[in-house]
Amino acid sequence: MKDTRAAIVESAFRLFIERGYEGASMADLVAVTGLSKGAVYHHFKDKDALHDAAIEHFFLRFFGADEVAATSESEGLDAVLADLCAGYVRLLDAISAVVPDRAAYYRFVFSILPKVKDQLRGQIADARRRIAAAAAFDLGQGILVESLESRTIADHCLSLIEGTALLCVVEGREDVATALARSVENYVRLLRR
2 MKDTRAAIVE SAFRLFIERG YEGASMADLV AVTGLSKGAV YHHFKDKDAL HDAAIEHFFL
62 RFFGADEVAA TSESEGLDAV LADLCAGYVR LLDAISAVVP DRAAYYRFVF SILPKVKDQL
122 RGQIADARRR IAAAAAFDLG QGILVESLES RTIADHCLSL IEGTALLCVV EGREDVATAL
182 ARSVENYVRL LRR
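This is the structure in structure tokens:
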């Protein structure tokens with residue numbers, strides 16, 4: 002059973018997706034929860050605090066230190082990409098559990114971008130470093146062909162993950178996990194000796 006705070010955040014997220022931040026008043030947010038005004042204000046002092054909680058729960062927590070973990074010096078590209086793809090799928094699944102339309106993720110990202118751009122850039126940089134370190138490890142082991150620099154491989158992988166997920170949403174494909182796995186496996190296969 003969800004706690005009250007989580008239920009409020011989920012209800013608010015649905016409304017933010019449907020109407021945007023500007024189109025959702027605090028009165029609307031209270032109404033969609035089915036709770037009293039006092040119950041909602043007990044957990045959130047205002048609309049901005051509720052919006053921040055929705056951003057954290059449905060987006061930022063998937064890009065935090067636990068999700069974009071440090072790479073050990075001996076972690077290969079396959080393991081890093083599998084981990085990043087799994088994190089992406091967890092993010093989409095969490096959003097889909099509340100808003101069945103997977104395109105909601107993209108609407109949400111673009112609506113919150115001004116608020117989270119710096120933090121998101123940092124997390125992308127961390128993921129890029131993690132992939133580049135894994136590619137450098139595999140290059141050093143002779144597992145990958147040395148035709149591309151590790152940073153270039155990292156940029157390709159980030160683009161491939163985001164692009165594959167976006168295509169799945171646009172084309173209405175449900176199995177994002179399989180599509181991501183297939184895409185990164187095929188790309189890494191091209192890099193092998």
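Note that our numbering has the sequence shown beginning at 2, numbered continuously upward. Quick reminder that beta carbons are idealized off the backbone N, C-alpha and C, glycines included. Since the model is a prediction, treat every value here as computed from it, not as a measurement.
- Contact between ALA135 and GLY77 holds: CB atoms are separated by about 6 Å, below the 8 Å threshold.
- If you ignore the 5 residues before and after ARG129, its C-beta comes within less than 8 Å of the C-beta of ARG152, ALA155, ASP156, LEU159, all in its own chain and listed in chain order.
- Under DSSP, the beta-bridge partners assigned to LEU145 are ARG193.
- Beyond the five residues adjoining it in sequence on each side, ALA178 comes within less than 6 Å, by CB distance, of VAL90 in the same chain, given in chain order.
- Counting C-beta atoms within 10 angstroms of its own C-beta, LEU168 has fewer than 16 neighbours from the protein chains shown and is therefore classed as exposed.
- For ASP94, the enclosing alpha helix (DSSP H) starts and ends at 78 to 99.
- Taking the Cα of HIS44 as reference, the smallest distance to any Cα among GLU57, GLU150, THR5, ALA180 is reached at THR5.
- In the displayed model, GLU23 falls within coil according to three-state DSSP, outside both helix and strand.
- Below 8 Å, enough C-beta pairs join the segment 109 to 122 and the segment 50 to 60 to call them touching: three or more.
- Look at LEU16 here: in three-state DSSP terms it is helix.
- Judged by DSSP secondary structure, ARG152 falls within the alpha helix (DSSP H) whose first and last residues are 151 to 172.
- Excluding sequence positions up to five before and after PHE59, its CB lies within less than 7 Å of the CB of PHE14, ALA95, ILE96, PHE109, all in the same chain and listed in chain order.
- Under the three-state reduction of DSSP output, LYS3 falls in the coil class, being neither helix nor strand.
- Between the alpha carbons of ARG174 and ILE132 lies a distance of about 26 Å.
- Between ALA105 and ILE18 a beta carbon distance of about 5 Å is seen, short of the 8 Å cut, so the two are scored as contacting.
- Residue environment: GLU11 is assigned as buried (16 or more neighbouring CB atoms within 10 Å of its CB, all protein chains considered).
- With at least 16 other beta carbons inside 10 angstroms of its own, ASP139 counts as buried.
- Comparing C-alpha distances from LEU61 to each of GLY21, VAL99, VAL41, ARG122 shows the shortest one belongs to ARG122.
- Going by beta carbons, ALA25 and LEU16 fall inside the 7 Å limit.
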